[in-house]
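J.:
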Amino acid sequence: MRPSPLVLLPLLLALPCLADDAPRLVDGRFGQALDARAGGYIAPTDDRFGTRPVSIELWARLLDRDAGAVLLSNEAPASGTHWELVILPGSAALAFRAPGMTPPVVSAEGPIGDGRWHHLAALVEPDRVRLVVDGQTRADLPVAPRPFPSQRSGLAVGTRIEDRSPNAAMIDDVRISSGLRDVIAPPESALVVDDRTIALWSFDESEADYLARWTPGGETNQRGLPYPHRYADYEFMTDDDWIDGRWQQTDVGPFASHSTLLPNRQVGPKGLTLFLGPERSSAALFDLERCSVVAALSPSSWRRDPMRFGLLRKPTLEGRLLSYVAPAKTWRHPPADGSADALPLDRTEVDYRGLRLHGDRVLLCYDLLGGVVEETCAEERAEELVAVARHLRIEGLDAPAWLTLAELSEPVSIAVEDGLVLASSSGDDGAVQAVALVSGTGTGNGAGSGPLLLEARGGDVILPLSAGDCSATVLLWSGPADQLSSFEALARSRPAPPEFDTLRLPGPRRWGQPIVPGGTLGDDDGRSPFIIDTIAVPTDNPFRALLFISALDFFPDGSAAVATAHGDVWIVRGLDGDLRHASWQRFATGLYQPLGLKVVEGKVIVLGRDQLTRLHDDNGDGEADFYESFNNDLIIQGVDHAFAMRLETDPDGNFYFLKSGAGPHGSALLRVSPDGSRLDVVARGFRHPYGLGVGPQGQITVADNEGNWVPSSKIDLIRSGGFYGFLGSAAEAPDGLRPDPPLCFIPKVADNSSGGQVWVTSNRWGDYHRGGMLHLSWGRCTLHAVLQDEVDGVPQAATVRFPGLTFRSGSAEAAFSPADGQLYVVGLNGWQTGAVADGSFQRVRATGRSVAMPSAFQAFEDGLKLTFSVPIDPQTAADPRRYRAERWNYRWSGTYGSFHYSPSDPSRIGHDPVPITAAEPLPDGRGVFLRVPDLAPVDQLWLATDLLDADGSPLRFDLYATLHALRPPISESPD
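In numbering that gives the first Met the number 0, the protein residues as written are 0 to 974.
Quick look at the structure:
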């Protein structure tokens, strides 16, 4: 027997923003409609909703094109029968999304964003999805099933099961039917029940029998479903969707810093690949910790893995290996007293200073045993034979040293003839390995000046050096035995060493004239207090450089320095009023995933995964000539997904940055002294924090991202020596260990992955939140105000989003320009962000109009005091039904993220409603006190409101607060 259809008319179902838990109804397309701005409606699901073929119809009126809307959502995203019908933000395109099919999203453009009623339908078959707008088929795509288990949870109208956030839409006549309907024209009257109907929501009258039948046990709302959840297109994606090999085509310059791999060989985590020859077809791998070349290859290819835009996995240096030496064997102390052991030099004895560029030639500089070494490498050719040359110039060694040039197969023969020293051996495959000391003079091999020689210790070919000065040219080669004579001939031709004095000088420009893509001003609707202007990013550049913009700071004249995650620094000029002449100059290249940058005393200091580098433009041509190692004390292990992030300075000039991953400096906030001489750990317990801020008084914040031991995104206010929760791969926390509480948690619906913090220090950005903290959501590409509160010395805060401000890429860092006083924001694409561009550089420009937002909050034992930046309408402010509040706690554990747990029953997954018994406007007309009986500390308090300001304009917001401490109750109306 066929189940009878259910006519669902939910006038009294769960919408906790109103005192009686009833949904807000407004005039609809036919009769009444659900106003999803005040919240949605959630009901139990039916297996038939997820059984294809199925037809989904409804009327919708979109009220905010930029915000988009969730119209209908079946079950949570973890369910194999989850689907949802949405209007995408910005484009106002209709989309049907379901993780149980490939592709997971089918979308269709249409006239939905005009603010009028439209009839929308999705006709869903096992292998096909059609989208219909006002009777016209706008999309018709084949799909393939991608089955995984179903998890029954509910069906949501005007919201989502997992977050229940309000939506800027009105919804009427929702009908779900078995089979496929012919939707060839918009209905001219209200939808009706027929033999295909599974369920119909008309919102026109109350039917108690239907309501009781549809909500067994009277439970009207299932809340706090498991996290993590997905609610944007990118959250349905897998690693396969983020494979992008464009970086392989980029001209990275004459060198590249990275944890480069060498097949079947051990190399250190801090590698500098030097690209040699006019075609860059040869390479030398220089170890920055050992300060020596560990491998030479020709021909060679620096192969970049395309996973996650090339930013996740390490590149590999492939090709024919000419020479190799294990990093620990490079620079060593000669054996003492006949000992067989030659101990490697430590960090106090060999230390990298930096590199200079002269055209495509790289001059390496490092300290060695009280002396200074300069070294450059080059490709040397004789017809088809290719070798790699090392040219060294050493001054002022205080003690003898050994330099191992290569590891050869034993036995090694050494021949000396006419000043040429040749070490060679034959491998098991018949190939010959050879090292030629072409020239070498100094105080080596004992007292007094004279020629240098090579020694063999086992298979190690060693260049012994005594205290004093010396210079040497060495050729490295491997090849067929019948080419050994050709190599000897090349060595006897005595390739001339370079003029080191010339290499110390800046060379010609490498990257040409600035690129001038300009910029555009955002549309001014005459009402908005802020407008987003866009500085065009030169993605179409002759170097094929990728511009995933990761960091920003300003020079005193208002020009900007920006870093890109793939290794560049660019200087951006022309950031004036209309942005028409904004220009980009490629300033530096080859850095190791720089994710932080500061301009100090006119010099750019950039944070890579290997070190802090200070960039010098010695000849003023707009390109860096000297890459100075400002501090390289950072200990890294070269593992994937272990970044060094952000770079900020405090009022005393100290530098701060974050490091994820393991090791002595992993999961830590690190500090470097103003002169770069010292690095120390400030605090620990961070997972993958991409947010850092230092305030005007030196206060430090870190924003970490949800994952194991981080139950939700959060902002931490740092104390020296603090522990902030992350325990790596540990399954359980040690007894008695608890993390420092955060300043505030931020739920995933508001910020699934955090960016940085910045303080409003400009007097040209309006009066709102002057001196206060701003927070960037990298995942949501949004900007939030952080409203701080303090009770008896205990800090806590709430966040509220700036309405209407959405950035083109994941917002990473922001800074106020010293020239125009406006807020500039840079961003980049990446894993699980809503970015629509590789990178973005945008300006949030104040128009001078009033900002209508919450400006402060205070927590009391009997309620919340909210202050607004504008006068508010007292009638709506005094109506408790205009507010919606819920609360929940998180659980700190080694699992990914956290469920939302009921504060009243910690064993139950779910939210608790927060009763608001009265709303009392404040005498100054700019605030309200919300009476909440028995308000208590809680991890997350969500407050949503639908008010009017004094001019009658809507004042809607979602505020997410963390309450650690409360003030004593207010017995009378607050002042």
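All C-beta atoms in this analysis are idealised placements derived from N, C-alpha and C, irrespective of residue type, glycine included.
(1) Could I get the ranges of all uninterrupted alpha helix (DSSP H) runs contained in the region 788-874, with 4 residues as the minimum, in chain order?
(2) Might you give, ordered along the chain, the residues of its own chain that have their beta carbon closer than 6 Å to the beta carbon of V349, omitting 5 neighbours on each side?
(3) Is the separation between the beta-carbon of R800 and that of A749 shorter than 8 Å?
(4) Can you round the beta-carbon distance between Y882 and L958 to whole angstroms, since I take them to be within the 8 Å contact cut?
(5) Looking only at C-alpha atoms, which of P746, L775, S752 and E83 sits nearest to W758?
(6) Put D232 into one of helix, strand or coil per three-state DSSP.
(7) Counting C-beta neighbours from all protein chains within 10 Å, is the total for G217 16 or more, i.e. buried, or is it exposed?
(8) Considering Cα atoms alone, identify which of N630, A964 and D674 is closest to R346.
(9) Less than 8 Å between the CB atoms is what I'm expecting for W200 and H118, so what's the real figure, rounded?
(10) Out of S719, L504 and D739, which one is the CA nearest neighbour of N618?
(11) Compute the Euclidean distance between the alpha carbons of R509 and L822, then round it to the nearest angstrom.
(12) When the Cα of D397 is compared with those of E416, D417, E383 and G370, which residue comes out closest?
(13) Give the list of continuous beta strand (DSSP E) stretches no shorter than 3 residues that lie fully inside the region 357-382.
(14) Would the region 511-522 and the region 559-568 be scored as touching if the rule is three or more Cβ pairs under 8 Å?
(15) Compute the distance between the beta-carbons of A935 and V913, then report whether it is under 8 Å.
(16) Tell me the DSSP secondary structure of I969 in three-state form.
(17) So L594 packs on F529, CB below 8 Å; how close in whole Å?
(18) Could you say which of E373, L489, T375 and T403 lies nearest to L344 if we only look at CA atoms?
(19) In terms of alpha-carbon separation, which member of D950, W887 and W764 lies closest to G847?
(20) What do you reckon, are the CB atoms on S558 and L574 nearer than 8 Å?
(21) Taking the alpha-carbon positions, what's the A435 to S258 distance?
(22) Do the CB positions of C376 and V292 come within less than 8 Å of each other?
(23) Between the region 777-784 and the region 825-835, are three or more C-beta pairs nearer than 8 Å?
(24) Any idea which residues DSSP pairs I635 with across the strands?
(25) Got a sec? Which residues, its chain only, sit under 7 Å from D133 by beta carbon, not counting five neighbours each side?
(26) Rounded to a whole number of angstroms, what is the C-alpha to C-alpha distance between I413 and L451?
(27) Is it true that the CB of T648 sits closer than 8 Å to the CB of R597?
(28) How about G267 and L296: do their beta carbons lie closer than 8 Å?
(29) If you count every other CB in all the chains shown that lies within 10 Å of the CB of V437, and 16 or more means buried, which is it?
(30) Would you mind working out which of P663, P165 and R543 sits nearest G727, comparing C-alpha positions?
(31) Going by other Cβ atoms of all chains shown within 10 Å of its Cβ, with 16 needed for buried, is V693 buried or exposed?
(32) Considering Cα atoms alone, identify which of V415, L633 and P399 is closest to Y351.
(33) In or out: L954 buried (at least 16 other Cβ within 10 Å) or exposed?
(34) Would you kindly work out how many angstroms separate the C-alpha atoms of L140 and A92, rounded to a whole number?
(35) Whole angstroms is fine: what's the gap from A964's alpha carbon to E860's?
(36) Is the beta carbon of S176 less than 8 Å from the beta carbon of V53?
T.: So, to answer that:
(1) none
(2) C290, W330 and L367
(3) yes
(4) Contact doesn't hold; Cβ gap of about 10 Å is too wide.
(5) L775
(6) Its pLDDT being 48, under 50, D232 is placed unreliably in this model, and the coordinates cannot settle the point.
(7) Caution applies to G217, whose pLDDT of 27 falls short of 50 and renders its modelled position unreliable; the model cannot decide the point.
(8) N630
(9) No, W200 and H118 are not in contact; Cβ-Cβ is about 15 Å, not under 8 Å.
(10) L504
(11) 32 Å
(12) G370
(13) 360-367 and 370-381
(14) no
(15) no
(16) coil
(17) The pair is not a contact, with the Cβ atoms about 26 Å apart (cut-off 8 Å).
(18) T403
(19) W764
(20) yes
(21) 29 Å
(22) yes
(23) yes
(24) In DSSP, I635 forms no bridge with anything.
(25) H117, H118 and P185
(26) 13 Å
(27) At residue 597 the sequence reads Lys, which differs from the Arg that was named. The answer is yes: Cβ separation under 8 Å.
(28) no
(29) buried
(30) P663
(31) buried
(32) L633
(33) buried
(34) 15 Å
(35) 9 Å
(36) yes
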